[in-house]
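In this text, residue positions in the sequence shown follow UniProt numbering: the first is 1, and each later residue adds one.
Contents: one structure, followed by commentary.
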Amino acid sequence: MARCVDVTLLLVALYALLPAFTDAAALQEGFYRSNTNCTADVEATVASVVQQYISADRGVGAGLIRLHFHDCFVKGCDGSVLIDPSPVNPDPEKGSPSNGGLRGLEVIQDANRQLETACPGTVSCADILAFAARDASNILSAGAINYGVPSGRRDGLTSAASDATQGLPPPFAQLDRLTEVFAAKGFTQDELVTLSGAHSIGRAHCGSFAQRIHPNVSETMDAQYGAGLQQQCPADAGDGVAVDQDQGTPADLDNQYYGNLLAGKVLFNSDWALISDNTTRQMVEGNAANQAQWAAKFIDAMRKLGALDVLTGDQGEIRSSSCPNAEVTGCDASVLLDPTKANGQPEKTAIPLRGYDAVNKVKAAVEAVCPGKVSCADILAFAARDSIARSAGFTFPIPSGRRDGNVSSAFSVFSGIPSPFFDAQQLIDSFAAKNLSMDDLLALSGAHSIGTTHCSAFTNRLRPAVDPSLDPAYAAQLNVTCPSGGGADRAVNNSPVAPDTLSNQYYRNALDGRVLLTSDAALLTRSDTAARVNASAADPTAWMARFAASMVRMAGIEVLTGAQGEVRRTESLTQSTVPEMMKTGGTGAPLLAALPILLSWIVVSSVASSEAPLQVGYYNRTCPRAEDLIRNIVHAAIRRDPGNGPGLVRLFFHDCFVRGCDASVLLDTAPGSNATSVEKASQANNPSLRGFSVVSRAKRVLERRCRRTVSCADIVAFAARDACRIMGGIDFAVPAGRRDGRVSNASEVLDNLPGPFADVTKLVGSFAAKNLTAADMVTLSGAHSFGRSHCSAFSFRLYPQIAVDLNATYGSHLRTRCPATGRRDRVVDLDPRTELLLDNQYYKNVQTREVLFTSDVTLLSQNDTAALVDLYARNRTLWASRFAAAMVKMGHLDVLTGNKGEIRKFCNRVN
1 MARCVDVTLL LVALYALLPA FTDAAALQEG FYRSNTNCTA DVEATVASVV QQYISADRGV
61 GAGLIRLHFH DCFVKGCDGS VLIDPSPVNP DPEKGSPSNG GLRGLEVIQD ANRQLETACP
121 GTVSCADILA FAARDASNIL SAGAINYGVP SGRRDGLTSA ASDATQGLPP PFAQLDRLTE
181 VFAAKGFTQD ELVTLSGAHS IGRAHCGSFA QRIHPNVSET MDAQYGAGLQ QQCPADAGDG
241 VAVDQDQGTP ADLDNQYYGN LLAGKVLFNS DWALISDNTT RQMVEGNAAN QAQWAAKFID
301 AMRKLGALDV LTGDQGEIRS SSCPNAEVTG CDASVLLDPT KANGQPEKTA IPLRGYDAVN
361 KVKAAVEAVC PGKVSCADIL AFAARDSIAR SAGFTFPIPS GRRDGNVSSA FSVFSGIPSP
421 FFDAQQLIDS FAAKNLSMDD LLALSGAHSI GTTHCSAFTN RLRPAVDPSL DPAYAAQLNV
481 TCPSGGGADR AVNNSPVAPD TLSNQYYRNA LDGRVLLTSD AALLTRSDTA ARVNASAADP
541 TAWMARFAAS MVRMAGIEVL TGAQGEVRRT ESLTQSTVPE MMKTGGTGAP LLAALPILLS
601 WIVVSSVASS EAPLQVGYYN RTCPRAEDLI RNIVHAAIRR DPGNGPGLVR LFFHDCFVRG
661 CDASVLLDTA PGSNATSVEK ASQANNPSLR GFSVVSRAKR VLERRCRRTV SCADIVAFAA
721 RDACRIMGGI DFAVPAGRRD GRVSNASEVL DNLPGPFADV TKLVGSFAAK NLTAADMVTL
781 SGAHSFGRSH CSAFSFRLYP QIAVDLNATY GSHLRTRCPA TGRRDRVVDL DPRTELLLDN
841 QYYKNVQTRE VLFTSDVTLL SQNDTAALVD LYARNRTLWA SRFAAAMVKM GHLDVLTGNK
901 GEIRKFCNRV N
């Protein structure tokens with residue numbers, strides 16, 4: 001029996017099991033005086049900066065208080081609201097529609113710069129934000145609101161717009177929703193009412209309360225006040241105009257808000273909601289009557305807010321270089337970490353990689369031998385070394401003792417990975433940032449003698465003109481393999497000679513002009529790097545020695561040792577087990593594929609197989625910002641009108657179920673044709689289908705950037721995904737490469753789309769016709785947790801009698817919304833509880849029979865579908881993951897790829 005007697009490793013493993021103390025007790029007032037060597041007065045520095053900015057513009061003060069609230073209510077007070085978009089994560093919290101109009105960011109950045117000069121790497125951005133909110137409250141209340149701020153927070157590494165959209169209370173929320181959101185953070189109704197007093201300062205965009213003044217002033221708003229708002233905010237103002245929240249004392253943090261509320265002079269539905277209930281109305285009246293009492297309660301609530309889910313001790317980081325940026329970790333196996341609820345975007349979500357399965361198999365194979373001893377970080381180092389041994393025939397010792405990190409962030413992955421388009425100096429600088437030399441750069445580049453690269457990574461060297469440094473015959477061969485407009489992004493061997501053998505062939509290829517990437521050819525553009533290329537090409541033995549030494553140096557980048565980090569999942573590995581595992585695995589190719597995990601510059605080209613007709617990242621080279629631009633447009637559209645979110649998801653469904661995902665639902669009637677001949681004119685789509693203008697807007701922007709490149713069908717798919725992320729926190733990669741259809745027939749719609757009157761048998765059959773299962777059907781039905789429906793789609797369940805399968809109380813409520821004699825076909829929320837969230841509430845509504853359609857309640861009539869309803873009602877995470885998978889599956893329905901169809905110039909008409 002194998003034994004593992006390393007006492008140090010055993011103690012380390014036990015240390016990793018000790019509980020971490022992360023509650024608010026770890027914060028303390030005067031933290032930087034008592035616990036750091038910082039000689040500067042941290043809080044005085046922040047206060048001085050805040051005073052300077054508020055003196056110039058008092059509106060900044062309101063922005064700082066709101067910024068702190070929006071930070072703490074999403075993943076805790078960790079400064080994550082400050083993180084900027086990046087190529088990997090273009091959607092941090094500040095990009096959420098809920099964070100539109102955030103102010104005060106420049107104040108935090110200025111304070112951070114000053115403190116970094118005085119005390120580098122000491123003061124967290126999260127603490128700066130908490131101090132700034134306190135100082136702003138003090139200034140704007142003329143000293144009435146001042147309090148000590150316990151500090152010691154650390155900065156978070158993850159930030160997602162979907163978390164903000166889901167976690168922040170929307171301005172149109174009812175009291176029950178507000179109470180639920182605050183209760184989830186440990187706040188009482190009284191604290192909800194108290195913190196709402198911050199609405200006595202600041203401004204709001206007209207679009208956030210337009211439904212209360214247009215077309216008519218809400219009956220819950222003072223008529224004269226509403227008329228004034230109509231003049232300030234015309235119907236087409238949108239987010240282009242902002243007004244004071246308190247038009248009496250707009251620059252003073254006081255209790256005037258509560259007087260305004262009782263007088264009907266507040267902007268948001270979420271404000272008015274506080275007097276819609278007797279209990280909270282009494283709280284409002286008490287605050288309106290006693291300024292000092294409210295101020296004392298506001299102080300207590302702000303201190304409580306500042307302690308929400310804080311990171312302390314060794315958690316998170318101190319964002320030293322800049323508050324909007326997160327740091328990159330070293331050789332700590334952080335690339336292996338899967339997404340979790342707490343961190344939905346670890347490193348592995350940034351770029352597709354290979355080798356994970358191989359590492360997991362090795363880990364599992366030695367679990368029974370030495371449990372809890374060897375880190376995943378060491379597994380990666382050993383696996384890369386032993387893959388080299390099998391491919392190149394040489395080996396080298398790897399120093400070990402690394403520990404595994406517990407932080408993994410996709411946001412700054414690209415900042416540490418040299419691009420395939422870098423020139424020589426950029427490559428040198430990128431390696432130098434990791435304490436690797438020019439010699440290391442040249443030696444490690446030899447790894448490009450193996451592996452493959454997708455055409456999109458080097459077509460810039462083929463078109464519009466062939467790069468003169470490319471061998472003409474080789475360029476001609478590449479043009480055949482990677483034709484212009486060739487559809488799928490094919491993969492090409494990095495080396496045209498011996499592509500499966502790691503050797504110095506790469507350098508001979510470079511001298512012959514037979515390398516793929518700009519960054520490869522760049523090594524010959526300088527005399528010093530070119531000399532090293534020549535030396536490595538001439539002497540394979542010397543190159544092997546340099547390569548081995550550079551691998552060892554790279555494997556030592558920012559490692560965790562001793563008591564740092566952990567040994568993940570207490571599983572183990574010995575160095576001798578890896579090659580043994582490779583022997584049993586045949587060729588060892590899976591572990592060879594792990595090499596690009598460590599050789600980071602290969603990452604960009606080591607993407608998934610090109611065999612599928614659709615691919616994730618399809619436009620990465622032909623229109624690099626396509627998905628970003630669509631995402632931004634969808635954000636803006638949902639911010640203007642949240643109904644656009646469910647509209648875009650429904651648009652995707654209605655497109656894919658009729659003739660496949662080909663954007664045929666977008667086509668208008670051709671001139672001279674019957675006006676009702678196209679899909680969008682069908683009664684299933686007209687007038688209820690939404691999202692056309694959002695797609696058209698995205699297409700116009702993309703046509704200016706990348707003419708005739710991005711299909712309307714892909715825009716619809718991306719927009720649906722973005723709506724899911726914004727309104728439900730459900731994010732997923734969308735394979736693309738669809739082309740647009742040229743045919744659209746209204747007569748095909750009703751035959752293909754399942755109707756609201758369908759029973760479970762018809763629903764299952766309708767989905768089966770599209771190669772979707774009954775489980776897919778139940779899963780996708782969850783989209784009925786948001787959006788609205790016209791009364792005419794379900795009125796037969798209300799009249800003449802309320803249907804027996806409809807909750808009687810809910811049915812009576814629906815009758816008030818949908819009167820039998822109404823002249824107008826009104827609309828009703830599909831979900832009476834979380835109407836603007838894509839969540840699993842739908843399944844709970846099905847169970848209580850509080851759903852609109854026969855096609856909803858019928859899911860309970862069959863044992864297998866009823867069991868799924870029950871499962872999803874109890875497990876939101878499971879449903880969300882399956883919903884994402886089902887959306888991707890649906891997005892493959894009867895797609896047009898390659899040379900089929902076309903790329904429309906305008907989405908509403910064929911070319």
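Backbone N, C-alpha and C fix where the C-beta goes; we use that ideal spot for every residue, glycine too.
Taking 8 Å as the cut-off, the beta carbon of Ala698 is found no closer than this to the beta carbon of Tyr619. Membership of Ser789 in any alpha helix (DSSP H) is not indicated; the residue belongs instead to the beta strand (DSSP E) covering Arg788 to His790. Taking a contact to require three or more Cβ pairs closer than 8 Å, the segment 754-769 and the segment 706-718 do not qualify as touching. When secondary structure is reduced to three states using DSSP, Asn771 falls in the coil class, being assigned neither helix nor strand. Counting C-beta pairs closer than 8 Å gives fewer than three between the segment 179-186 and the segment 152-160, which falls short of the contact rule.
For Val678, no beta strand (DSSP E) run applies, since DSSP gives it neither H nor E.
For the set Arg659, Ala473, His454 and Asn479, the Cα lying nearest the Cα of Pro464 is the one of Asn479. Contact between the segment 534-543 and the segment 498-516 is present, with at least three C-beta pairs closer than 8 Å. Note that the C-beta distance between Ala381 and Ala555 is below 8 Å.
Excluding the 5 residues flanking it on each side, Tyr474 has same chain C-beta neighbours closer than 6 Å at Arg514, in chain order.
In the DSSP secondary-structure assignment, Asn493 is bridged to Thr452. Ala242 sits in a strand when the DSSP states are folded into three classes. Two segments are said to touch when three or more pairs of C-beta atoms, one from each, lie closer than 8 Å; by this definition the segment 834-843 touches the segment 775-790. Closest in C-alpha terms to Pro420, from the list Ala295, Phe69, Leu523 and Ala142, comes Leu523.
The alpha-carbon of Ser536 is positioned some 11 Å away from that of Ser445. Contact annotation: Ala443 and Arg526 have beta-carbon atoms that are not nearer than 8 Å. Around the beta carbon of Glu558, fewer than 16 other beta carbons lie within 10 angstroms, which makes this residue exposed.
Between the alpha carbons of Ala793 and Asp825 lies a distance of about 10 Å.
The beta carbon of Ser550 sits closer than 8 Å to the beta carbons of Leu436, Asp439, Asp440, Ala443 and Leu444 from its chain, once the five residues preceding and following it are set aside; these are given in chain order. The Cβ-Cβ distance between Arg153 and Leu64 does not fall below 8 Å. The Cβ atoms of Ser137 and Leu253 lie closer than 8 Å to each other.
For Gly691 against Ala713, the beta-carbon gap comes to about 14 Å, at or over 8 Å, which does not count as contact. Each residue's CA atom was taken as its position, placing Gln230 and Asp244 some 14 Å apart. With the rule of 3 Cβ pairs closer than 8 Å, the segment 768-777 counts as touching the segment 886-896. The Cβ atoms of Leu140 and Ile201 sit closer than 8 Å to each other. For the pair Ala491 and Arg739, the Cα-to-Cα distance works out to about 21 Å. Cα atoms of Phe187 and Arg103: separation of roughly 25 Å, rounded to the nearest angstrom.
Secondary structure of Val49 (DSSP, three-state): helix.
In the three-state reduction of the DSSP assignment, Leu753 falls in the coil class, being assigned neither a helical nor a strand state.
Shortest Cα-Cα distance from His68 to any of Ala235, Val310, Asp176 and Phe172 involves Val310. Taking all protein chains shown into account, Glu191 has 16 or more neighbouring C-beta atoms within 10 Å of its C-beta and is therefore buried. Membership of His635 in the alpha helix (DSSP H) is indicated by the continuous run Ala626 to Arg640.
Taking all protein chains shown into account, Val634 has 16 or more neighbouring C-beta atoms within 10 Å of its C-beta and is therefore buried. Per DSSP, the continuous alpha helix (DSSP H) segment holding Asp271 begins and ends at Asn269 to Trp272. Ranked by how close their Cα comes to the Cα of Ser688, the residues Gly811, Asn911 and Val828 have Val828 in first place.
In the DSSP assignment, Asp829 falls within the beta strand (DSSP E) that extends over Val827 to Asp829.
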